[in-house]
Structure formats: structure tokens, C-alpha cells
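First the structure, in the form of C-alpha cells, and then the observations on it.
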Amino acid sequence: MKFLATACALAALANSALALPKITRVGRYLFNPDGSRFYIKGIAYQEQGRLAVTDDPNAFPEPDNFVDPLLCQMPASAMFLISNLTVNAIRVYSVNASLNHDDCMAALDAAGIYTMIDLSLPVNGSLDRSSPAWTTNLLDLYIGTIDVFSKNVLAYNIGNEVVTDTNNTVAAPFIKAAARDVKAYLKSKGSSALVGYASTDGSGWRDPLANYLACDRDDDSLDIYGQLRELPCRCLLFRVRMRVPTPRLWTEATALFSSQMTPVWSGGLAFSYFPAVGGYGMIELSADNATVTTSDDYTRLQNVLSNITFVNEPTQSNAAPSTYPACPAASTDFLASSTLPPTPNTATCECIKANSFSCLFTPTTEQGVRGVGQLLDNGCQLLGQAGGTCDAIAGNGQTGVYGPLSGCSPETKLSYVFSQYYERTNRNAQSCSFGGNATVANPLPSSSEAAAAAQSSCITSGPTGVVTPTAPATTRTPVSTSTSGSNGGGNGNQNGVGKGAVVGLAAAIGAGLVSAVWVAF
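Residues -19 to -1, 1 to 502 in mature numbering (1 follows the signal peptide of the UniProt record, and there is no 0) are what the sequence shown lists, from first letter to last.
And the structure:
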């Protein structure tokens, strides 16, 4: 099957269409406006591209660029083929908020297709499992994306497989804080979009993480929790990756929407529309992206999905109200503190940047931009040798202790460390270089004492704790896009479900684990 033309040609039809119905969550279930159950029957929609090169054999594969799939640069056949699968949702892993997506979003709306959009981006635009922090630049990035995609979005995902083993369960408080602040911002904007997170599988920490992200109260608990799992054989559990992926019979999809599974799950997402490593794609694109050829996997999935009947039980009128599992205590398998980091405070960070820094982070090379983590490590080591500490910029998800500047951007943290070291070495000119990535501030604070006083004043005068975020003055896009790329995930996340075949979706409320929505079959 082959098709030609451009997807934007459908936008004219979309402009006259009514907006998609508002989907709400009650307890562990999702509902249509008429009170009937809503299920996600979707597909992952993002080209998989280049993964970052690493010398670490144990490294988790991460993308280093992406292609925005909602720019109407795909054939019109894509919209036809997606609709022909009878799906009602797509998941997109990386988008560029500085670009206009109105035509494609309108076309999707007209076709009755909801979007689930990840807010993170590759490289420096996501929660980093190796050094987690919830910072002003990430919050601004997330808000900037929300502001340009506020129409017909079913859910925003705040992270993707950030936690991958016991050691990085310390990232859980930062994930939960991101959910809290994104939910507060959506509420302030009158948005009905849900907030989700996609988790991978793991022994010991899987269940505590699910309960942790769903516990406590609605303000900081997830609406949708995606549990991904890989197994050596074809069976139904969350995400399933088969060792021999061909042919894919999609029997998991039939089971997922059965009456035995729908008391817990509210749908799923097949991986993937675009070609992916391992042969998981549904289509092949010509070199000029003008021609699309479907695979046998596409045909089999179409046959399965078109014969699925949704189970309308319970209805909204008889659904149990929201209840929250107990927050798990820290253990040897799950290290997260119940104390969350505060809302990142741009006012305090900008005040300190403007009034107290004497040595500024000014990268002159791409290596300097991408090497922020290494520069911080080196700077803190030197500062420690000089008698100082990096406590002010540190955040510890295991102890629940967060320094007053822990929510500032990496660039601001670097300038803080550089300045502290510069002052402790009596403003030695050689102490403000850091491989050519630092320069002396102009004007300088009049003295070390004046710089310290300005810093203290900024910290005490700014808002603290948990507050409702506001839109940034400018949208920050801290990564590069490319004409060939991946489906995002950033330095703390794997690129979506690139290795999987099934992602189970569960609305994150209820006893035990979660309930409702995100399966890649």
C-alpha cells in the first residue's frame, strides 16, 4: 500500500471540526463526557534516530537529537494509516515548542485522535537519573511546551524510564515534584490534561515506585502511570518485548481490552508507527519521505484493533472515588525520601545571578555546553579543597535535603561554584578559567562579603517551598533538533519504548499498584 501528498492538506478540513471531548479521571478509570469508560487505543508516533555514543558498556542508551513529528512534514498517508488502525491516540516523545504545530494538531483533532506528549527532550531537557534535579530550566521547558500544546492534548508525560535500578530510585522525589508543579500549572490554566509517567520494570523497586508516584494526595500524584516490562516470551504484562519479534500477532491487545484486564488497565499504545531498531516499525518511508509502505505487522494490528469492543464497566456514576495508596517507606530496594524538592524558584536564581556572582560560566565550545555535569564535579572538588562546599546547590532525594539553590539551572549552579572558588582563592585570576569556560564578572561585587550578603538577601526575600509555577518570560529549548533523530528522553531517560512491543497504561490511583493506562502491545 503506497500513498503520496502532505499531511498539512488535511488541516483545512480540521479547522471546521469540533474539539475532541474532554476526558476525565475518576479513581482509577478514565471517562468520556457521557460517563462511559474511555480507553486509550493508540500507537507511538516518533521517528527513532541516533543514540548518543558512549564508552560505558553498562550505559542506558540515550538519544542525542530528535525529529519533531508534529510539523506536518510527513505524508498525508500517515494520517490515513493511523486512522485506519482505529486508534484514538498517539504518543509523541519529543517536540520543539518554538515551532508551530497548529496544522497537524488540528488534523489529528479532526480525525478524532488525542495526543499524549512527553515534556522532556534529549540531552539537557529531562530528569537525569545519574544526578537528578528539578530545576528552573526544566520547569520552564515543560511549561513552554504545555503553553503551545494546550489544545486536544489528553496527557503530558513528565518523564520516561528515569528510574532503572535501585540506586537511582533517589530520583523518585524529583519525578513526583515535577508532577506536582505541572499539575498546579495546568490547574492554573484551566487545562483538563492529565499528567503521566512511563516506568520500566525492575525487581524490588517496581511496586514501591508505582505506589510512591500515586500516593499521598491528588496535588502531587500522577493521573496516568505506565508500567513497561520486557519478557523472554509472548505474554501479556505491561510492556512486552519478545526475543523473536516477527511475526507480531498482537494477542496482547485483545487480552488487554478484555473484561479480565479492564478493571486495572485503561488501554495501550502499540510500538511503533515509524521504523525502529529490532524491526518494530509498522511502515517504511521512501528516501524523500513521500511514499509510505505498510508492513504485515500493520495489517495484523489493524485486524486486531478494529475488532476490539470496549468494556463499559464501571460507568462514571458507579466508579469508586479516588483513593491513594500509602506512601512506601524507604528500604534497601527503594531509597526515595518522602520529602520532595521545592518548586524551582526563578526569582531567587535570577537575583543571585545578577547580584552575587564574581566568576561566570561562559562556555566557548560545544564541549563546554554538553560537559556541565563534569564541570560541576570538577568545580565542587576544587571548592572542597579550598574549604568550601556545594551544599547550597545540592539536592538529595534519599535524605530529602535540598539546598536553597538546588532548583536553579545547571548554568546558574556552575556560576555559583565558580564564584565560590574564585572568592576562596582570593580572586586569583587563574581560579576563574575552568578550561576556558569561565570569565570574571563585570562589574564584580565589591567584596566577598558583599557577594555573600547579596546571596543571603536573594534567598530570604524570594518565595520558598511549594508554589504555583508561572510561565517563563521566554521559552527555553536547551537541545538541538535535527532532520534525523530520535524520540527523545534526554540524559535521564531512554528514548521512549524503542525496545519494546507493549506498554500498559494505568490511571495512577487505587490499591496496590496503579490502575488505568499505557501499554505497548
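Yeah, the Cβ is synthetic: ideal placement off N, Cα and C, and Gly gets one too.
Asked: Residue 311 to residue 274 span [Cα, whole Å]; Found: 50 Å
Asked: Alpha-carbon to alpha-carbon, residue 144 and residue 93; Found: 33 Å
Asked: Contact test: residue 162 Cβ vs the ligand COA heavy atom, cutoff 7 Å; Found: Looking at this structure, you won't find the ligand COA or any other ligand, since it has none at all.
Asked: Where residue 477 falls: helix, strand or coil (DSSP); Found: Unreliable placement is indicated for residue 477, whose pLDDT of 30 sits below 50; the coordinate value is still reported in the next sentence. Three-state result, residue 477: coil.
Asked: Residue 125 - DSSP class collapsed to helix/strand/coil; Found: helix
Asked: Residue nearest to residue 422 in terms of C-alpha spacing, selected from 68, 343, 79; Found: 343
Asked: CB contact flag (residue 154, residue 317, <8 Å); Found: yes
Asked: Test item: CB-CB of residue 110 and residue 152 under 8 Å; Found: yes
Asked: Given residue 412 as reference, the closest of 138, 364, 371 once Cα atoms are compared; Found: 364
Asked: Secondary structure of residue 399, DSSP reduced to three states; Found: helix
Asked: Contact check, residue 138 vs residue 86, beta carbons under 8 Å; Found: no
Asked: Beta strand (DSSP E) runs contained entirely in the region 373 to 451, provided each spans 3 or more residues; Found: 419 to 421
Asked: Below-8 Å beta-carbon distance, residue 382 vs any chain D residue; Found: Within the model displayed, chain D is absent; a lone protein chain is all it includes.
Asked: Assigned exposure category for residue 334 - 16 Cβ within 10 Å defines buried; Found: buried
Asked: Where residue 148 falls, given that 16 or more other Cβ within 10 Å makes a residue buried; Found: exposed
Asked: Sheet register partners of residue 297 (DSSP bridge); Found: Note: residue 297 sits in no beta bridge, so no partner.
Asked: Presumed contact (8 Å Cβ cut-off) between residue 108 and residue 156, rounded CB distance; Found: 6 Å
Asked: DSSP beta-bridge partners of residue 265; Found: 274
Asked: Rounded C-alpha distance that separates residue 164 from residue 409; Found: 46 Å
Asked: Secondary structure of residue 80, DSSP reduced to three states; Found: coil
Asked: Sequence-distant residues of its chain with Cβ nearer than 7 Å to residue 1 (five each side left out); Found: 90, 93, 95, 133
Asked: Whole-number beta carbon distance between residue 174 and residue 167, since they are thought to touch under 8 Å; Found: 6 Å
Asked: Those residues which DSSP pairs with residue 110 across a bridge; Found: Beta-bridge pairing links residue 110 to no other residue.
Asked: Distance between residue 424 and residue 97 (C-alpha atoms, nearest Å); Found: 47 Å
Asked: Cβ neighbours of residue 329 in the same chain (closer than 7 Å, five flanking residues each side left out); Found: 439, 440, 443
Asked: Cβ contact check for the region 285 to 297 and the region 235 to 255: 3 or more pairs under 8 Å; Found: yes
Asked: CB of residue 141 within 8 Å of CB of residue 99, strictly; Found: yes
Asked: Cβ-based burial, residue 81 [other Cβ within 10 Å; buried from 16]; Found: exposed
Asked: Residue interval of the beta strand (DSSP E) (run including residue 22); Found: 21 to 25
Asked: For residue 97, the residue or residues it bridges with in DSSP; Found: 72, 136
Asked: Residue nearest to residue 204 in terms of C-alpha spacing, selected from 135, 271, 68; Found: 135
Asked: Span separating the alpha-carbon of residue 218 from that of residue 433; Found: With a pLDDT of only 34 at residue 218, under the threshold of 50, the placement of this residue in the model should not be trusted; the figure read from the coordinates follows. Roughly 55 Å between the two C-alpha positions.
Asked: Outcome for residue 233 when other beta-carbon atoms lying within 10 angstroms are tallied against a minimum of 16; Found: buried
Asked: Proximity below 8 Å, CB of residue 296 to CB of residue 16; Found: yes
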